Amino acid sequence: MKKVFKMEELDCANCAKKMEAAIAKLDGVEAVSISFISQKMTITADDSRFDEIMKKAAAEVKKIEPDCTIVM
Amino acid sequence: MTRRQKKTLARIIISFAVLAAEMIFFGVTKADLGIWELVLFLIPYLIIGYDILRKAFLGILHLQVFDENFLMTIATIGAFATGEYAEGTAVMLFYQTGELFQSCAVSKSRRSIAELMDIRPDHANIENEKGELIEVDPEEVAVDTVITVKAGERIPLDGIVVSGNSSLDTSALTGESVPRDVSKGGEVISGCVNLTGILKVRVTKEYGQSTVSRILELVEESQEKKSKSENFISRFARVYTPAVVIAALALAIIPPIVTGGNFSQWIYRAMTFLVISCPCALVISIPLTFFSGIGGASKCGVLIKGGNYLEALAETETVVFDKTGTLTKGSFEVTKICPESISESELLETAVLAEGYSDHPISLSLKRAYGKAPDLSRITHSEETAGKGIKAVIDGKTVLAGNMKLMTDSGISAKKETAVGTAVHIAINGEYAGHIIISDSLKEGSADAIKELRRLGVKQTVMLTGDNEAAAAECAEKLGLDKWYSGLLPSDKAEKAEQLLKEKSPKKNLLFAGDGINDAPVLAIADIGAAMGAIGSDAAIEAADVVLMDDDPRKLALAIKISRKTAAIVRQNIVFALGVKGTTLILGAMGIANMWAAVFADVGVSVIAILNAMRAMNVGKASAVKR
C-alpha cells in the first residue's frame, strides 16, 4: 500500500534525508521518500503491518528530529 | 512568517540586545567579574540556544552524533570552554539568524511554487432541490451531475457543456494565452477559467480523476523521482559529515601533541570545522532547484514527471518526432487549389456542393476551406461510388468529384496532381475543371521548433511516420530534418528508436515526442518520452515522462532551455557551496577563518543557495522562445 503523509515541523533537509534512510531500513518498507520542500512522506509498505510500520517510522522520525511528527 | 519564525526572531532580538549590552559593558569597564562573567554571558546564550541544546541532548540519547544541533552545541560550548564567551554566544546567535533566513526562504519558495500550481478549484456550484445554486466541494460531485460555472470561476471538474457559450482561459494548464471558445457539446477541462458567459456542464469525471487533480498529483509525485545530482549529494552527505567531524577531532588532538602548542587554540579551530560539517546548503538547494524548475515549466504547460527527467533533458542529443499530430496538425486541410477553366473559388464551391451530403474527412476539410454552409438546394442528384468519388447534379450540370480513377473510368483526361497530398479531381459536364489538394499541414511552430532545437545543440532531428514516402519527404524537407523514416508500423517505430538509441553518444539522451496515443512503446524506450497535446488524455499522461499540455512543438525547446537553466543552477550551487566550505575548512585549520566565517559557510551559504535555487522557477526568459 502506498500512502502519503504530511509532516509537521520538519526543519532540516539533511534530517529528512536521514529519516528517509532510517525508515527505508525498517522491515516491511518497500519504498519511502521524504520531501523537505513539500513536507510530505510517501511510503510504500506491507499492507498487513502498515500501522505497526508507521509507528516505527514515527519513532525513527522522532529520534532524528525530536519535534517532527508524521500527521496520521 | 509563521508563529515559530516570529518567536525565533524575538529571541534573536532579545539575545542580541543583551549580548551587545554585555559586550559594551565589559569593553568599556574592562571589569573582571570572574565566574559572574560566564553567568552573564550564559543568559543571552540560553535565550538563543535553548532549543538547540535540548535537541542536541535528545540527539545524544538517540546516538545522533552527527546531528547539526549536536555539533553547534559542541562548537559553542567549546568556545565557552576556551574563554570566548562572547564569541560562543554570538556564533549561536548568528547560526539561529541564518536558520531563520533559511526557513523563511524555504517557506517563500514553497509558497511561490504553490502559487504556480494554483489551479485547484475551491468549489463547484450545483442546484439543490429548490433550484437554488449552492457551493459544494468538488470532491463531492458525482459523475453526470450538472454544475454551473459562472464567469470568472475556475472549472472544477472535467465535463461536457450542456448549455451556454463562453471562452476559457487555459493558460494555467497550457501556458497558452489565447482563450479557447466553447459552446454546447464542447468538452471542458478542469483548471481552466471561464472568462465570459455562464456554462452548465455535465460532469464526466469525478474529482480524483479530473485533469486538475491528475496534474497536481503528477507534480507532487515528481519529487519522488530523484535526479542524479540529488542522489550524488545524498551519498556525498553521508561521507562528508563524518569526515569533517573526524578531521575536527584530529585537528584538536594531533597538532598540539606534535608541536606542543596550546590545546585551546587547536580546539577552537576544530570547533570551526564542526560548524561547517553540515551539507545542508546542498541537501536543501538541489531538490529545491529541480522542484522550482518543474514548477516553472508547468506554468508554461510543460509537465515534467521528475527531477531525473528534467536533468536528462539538458543532455538531449537526438530528438525523434512522430509526424502526424506532432509536427503536423493531424487534421486534413485544403492546401492547394488548381483550377483549369474556372476560378479557384468556383472550383472549391463546385467541389463542396458535390461532396455536400458526404461526411468523409475529405469533404469535411473542403467545407472548412469553403467557410460557409453550402446551399444544398442546388444539388438535385448525388451518388457516391466507394473508393472513387461522387457523381452529382448541381445547377443542372453533371459534376464528377473524386480521385484519378474516377476520371479515367469516365474517360476524362485529368492532369497529374502537382503537390503532395490527396487530390480531388473535378469534372463538369464531362470536361476536366481542375483539382484540389488536401493534405495534413505542418503546425505553425514546427519549423521554429526544429531551428530552436538545433540552436540549443541538438545534433540530430529525426522523424518517424507511418505515412507514405512522398508526404514524409515533403514534410522533412520543409522542416529541415536530418533523417526521416516513412511507412512504419508502430512496432517498426520502436525498432528504429532502438537503433537510434544505440547510435547516440553515451551519457547523451534521446527525446521522443509523439501524441502519446499509439506510440506508447516508443515513449517507453526513449530516454525521455514526451507526449504532446496531452490535455485531457489520460493514456498520454500516464505513458510519458514529459507532458506537453498543448500541442506546440516549440515547447520541447522550451523544456530543454528550462532544464539547462536548472542544471546550471545546480552546478553553481554545488561549486559555490563546496568551494566556500572547502576554503573555510582550510582557512579554519590554519587559524585564519574564525567561527563567524564558519557559520557563514554553513547557513549563509544555504541561504544564498536557496535564493539561487528559486531562480529556476523564473522561466520568463526561457519562455521567450514561445512566440
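Protein chains in written order, with numbering that gives the first Met the number 0: chain Z, 0 to 71; chain B, 0 to 626.
We put the beta carbon where it would ideally sit given N, CA and C, even for glycine.
The model shown is predicted, which means the values in this text are computed figures rather than measured ones.
So for Arg140 of chain B, helix, strand or coil by DSSP? Numbered from its first residue, the second sequence carries residue 140 of chain B at position 141. The residue you asked about is not Arg; residue 140 of chain B is Val in the sequence shown. Of the three classes helix, strand and coil, the one that applies to Val140 of chain B here is coil, per DSSP.
Through-space distance from Met531 of chain B to Leu452 of chain B, alpha-carbon basis:
Counting from one through the second sequence, the residue named residue 452 of chain B turns up at place 453. Counting from one through the second sequence, the residue named residue 531 of chain B turns up at place 532. Going by the C-alpha atoms only, they are around 16 Å apart.
### Query
For the segment 232–251 of chain B, which residues have a beta carbon sitting closer than 7 Å to at least one beta carbon of chain Z?
Ser233, Ala236
Can you pull the chain B neighbours of Thr41 of chain Z, defined as C-beta to C-beta under 7 Å?
In the first sequence, counting from the first residue as 1, residue 41 of chain Z sits at position 42. Simply Glu223.
Would you mind stating whether Phe331 of chain B and Ser438 of chain B have Cβ atoms separated by less than 8 Å? In the second sequence, the residue the question calls residue 331 of chain B occupies position 332. In the second sequence, the residue the question calls residue 438 of chain B occupies position 439. Closer than 8 Å, so yes.
**Request:** Inspect the CB distances between the segment 8–15 of chain Z and the segment 42–57 of chain Z and report whether three or more fall short of 8 Å.
**Result:** no
Check: In chain B, which residues lie with their C-beta within 7 Å of the C-beta of Lys16 of chain Z?
Finding: Translated into the one-based positions of the first sequence, residue 16 of chain Z becomes position 17. Ser233, Ala236, Val282, listed in chain order.
Per-residue DSSP class, three states only, for Asn193 of chain B: Translated into the one-based positions of the second sequence, residue 193 of chain B becomes position 194. Looking at Asn193 of chain B - three-state DSSP - the assignment turns out to be strand.
field: Residue interval of the alpha helix (DSSP H) (run including Ile585 of chain B)
entry: Your numbering for residue 585 of chain B matches position 586 in the second sequence. Note, Ile585 of chain B: alpha helix (DSSP H), 553–589.
> For Pro338 of chain B, does the three-state DSSP call read helix, strand or coil?
Replying inline: Position 339 of the second sequence, counting from 1, holds the residue named residue 338 of chain B. In this structure, Pro338 of chain B counts as strand in the three-state DSSP scheme.
key: Beta carbon of Lys304 of chain B nearer than 8 Å to that of Lys224 of chain B   = The residue given as residue 304 of chain B occupies position 305 in the second sequence. The residue given as residue 224 of chain B occupies position 225 in the second sequence. Cβ atoms of Lys304 of chain B and Lys224 of chain B: closer than 8 Å.
- Selection from B:Ile361, B:Ile427, B:Val423 that minimises the alpha carbon distance to Ile393 of chain B: Taking the first residue of the second sequence as position 1, residue 393 of chain B is located at position 394. When each option's Cα is compared against that of Ile393 of chain B, the closest is B:Ile427.
- Decide if the segment 174–188 of chain B is in contact with the segment 213–233 of chain B; the criterion is three or more beta carbon pairs, one per stretch, under 8 Å apart. no
Quick one: which chain B residues come within Cβ less than 9 Å of Cys67 of chain Z? Here residue 67 of chain Z is taken as the residue at index 68 of the first sequence, counted from 1. In chain order: nothing, as chain B lies at least about 10 Å away.
- Task: Spell out a yes or no on whether the segment 185–199 of chain B and the segment 555–575 of chain B are touching, meaning 3 or more CB-CB pairs, one atom from each, closer than 8 Å.
- Result: no
Check: When you compare only the Cα positions, how much space is there between Leu309 of chain B and Gly292 of chain B?
Finding: In the second sequence, counting from the first residue as 1, residue 309 of chain B sits at position 310. In the second sequence, counting from the first residue as 1, residue 292 of chain B sits at position 293. Rounded to whole angstroms, Leu309 of chain B to Gly292 of chain B spans 8 Å at the Cα level.
(request) Can you give me the Cβ contacts of Arg626 of chain B inside the same chain, cut-off strictly under 7 Å, excluding the 5 residues immediately before and after it? (result) Locating residue 626 of chain B in the second sequence gives position 627, where the first residue counts as 1. Residue placement at Arg626 of chain B is poorly supported in this model, since its pLDDT is 36, which falls under 50; the coordinates still yield a value, given next. Excluding residues within five positions, none has a Cβ falling inside 7 Å.
- Message: For a minimum of 3 consecutive residues, which ranges assigned as the beta strand (DSSP E) are wholly contained in the segment 304–392 of chain B?
- Response: 315–321, 327–338, 378–384
Compare the Cα-Cα distances from Lys503 of chain B to each of B:Leu217, B:Asp466, B:Ser170, B:Thr317 and report the closest residue. Numbered from 1 along the second sequence, position 504 holds the residue referred to as residue 503 of chain B. Ranking the options by Cα distance to Lys503 of chain B, first place goes to B:Thr317.
How many whole angstroms separate the CB atoms of Ala542 of chain B and Ala529 of chain B, which I take to be in contact at a CB cut-off of 8 Å?
-> Here residue 542 of chain B refers to the residue found at position 543 of the second sequence. Here residue 529 of chain B refers to the residue found at position 530 of the second sequence. Not confirmed; about 10 Å, so no contact.
So, for Glu343 of chain B: in the same chain, excluding its five sequence neighbours on each side, which residues have a beta-carbon less than 6 Å away from its beta-carbon? For the purposes of this step, residue 343 of chain B is taken as residue 344 along the second sequence, with counting starting at 1. These residues qualify, in order along the chain: Ile336.
**Asked** Which class does Val257 of chain B belong to by DSSP, given the choice of helix, strand or coil?
**Response** Here residue 257 of chain B refers to the residue found at position 258 when the second sequence is read from its first residue. Three-state result, Val257 of chain B: helix.
Just how far apart, CA to CA, sit Phe702 of chain B and Pro241 of chain B? The requested residue 702 of chain B does not occur in the structure, where chain B is confined to residues 0 to 626.
task = Between the Cα of Ile59 of chain B and those of Z:Ile63, Z:Phe35, Z:Ala20, spot the shortest distance and give me the residue it belongs to.
result = Within the second sequence, residue 59 of chain B is the residue found at index 60, counting from 1. If we check each option's Cα against that of Ile59 of chain B, Z:Ile63 comes out closest.
C-beta atoms of Val319 of chain B and Thr349 of chain B nearer than 8 Å:
Your numbering for residue 319 of chain B matches position 320 in the second sequence. Your numbering for residue 349 of chain B matches position 350 in the second sequence. No, Cβ-Cβ distance for Val319 of chain B and Thr349 of chain B is not below 8 Å.
inquiry  = Taking its Cβ as the centre, do 16 or more other Cβ atoms sit within 10 Å of Glu19 of chain Z, making it buried, or is it exposed?
reply    = Here residue 19 of chain Z is taken as the residue at index 20 of the first sequence, counted from 1. Buried, by the Cβ-count rule.
Output, in chain order, the set of chain B residues within a Cβ distance shorter than 9 Å of Ala21 of chain Z.
Against the first sequence, residue 21 of chain Z aligns to sequence position 22. Within chain B, no residue comes near Ala21 of chain Z; the closest Cβ sits about 10 Å away, beyond 9 Å.
Exercise for the section: Would you give the residue range spanned by the alpha helix (DSSP H) that Met71 of chain B belongs to? Expected result: Counting from 1 along the second sequence, the entry for residue 71 of chain B is found at position 72. First-last of the alpha helix (DSSP H) with Met71 of chain B: 67–80.
Throw me the rounded Cβ distance for the Ala558 of chain B and Thr583 of chain B pair, which I believe falls under 8 Å.
The residue given as residue 558 of chain B occupies position 559 in the second sequence. The residue given as residue 583 of chain B occupies position 584 in the second sequence. Ala558 of chain B to Thr583 of chain B, Cβ: 37 Å. No contact.
| message | By the three-class DSSP mapping on this structure, what secondary structure does Arg153 of chain B have? | response | Residue mapping note: residue 153 of chain B aligns to position 154 of the second sequence, counting from 1. Three-state result, Arg153 of chain B: strand.
Check your understanding: What span of residues does the alpha helix (DSSP H) with Leu41 of chain B cover, start to end?
Key -> What you label residue 41 of chain B is simply residue 42 of the second sequence in a count that begins at 1. Run containing Leu41 of chain B: 34–60, per the alpha helix (DSSP H) assignment.
| message | By the DSSP assignment, the beta strand (DSSP E) with Val70 of chain Z in it spans what residues? | response | Start at 1 with the first residue of the first sequence, and residue 70 of chain Z comes out as number 71. 68–70 is the span of the beta strand (DSSP E), which, as asked, contains Val70 of chain Z.
Original post:
Of the residues that make up the segment 289–305 of chain B, which ones have a beta carbon closer than 8 Å to any beta carbon in chain Z?
Top reply: Phe290
Worksheet entry | Cβ-based contacts, 8 Å cut-off: residues of the segment 185–206 of chain B near chain Z | none
- Message: I'd like to know whether the C-beta atoms of Gly410 of chain B and Lys387 of chain B end up nearer to each other than 8 Å.
- Response: For the purposes of this step, residue 410 of chain B is identified with residue 411 of the second sequence, where counting begins at 1. For the purposes of this step, residue 387 of chain B is identified with residue 388 of the second sequence, where counting begins at 1. Against a cut-off of 8 Å, the Cβ pair of Lys387 of chain B and Gly410 of chain B comes out as no contact.
Next item on the list: Could you name each continuous beta strand (DSSP E) segment of 3 residues or more that falls completely within the segment 158–220 of chain B, going from the start of the chain to the end?
Entry: 158–162, 165–168, 179–181, 198–202
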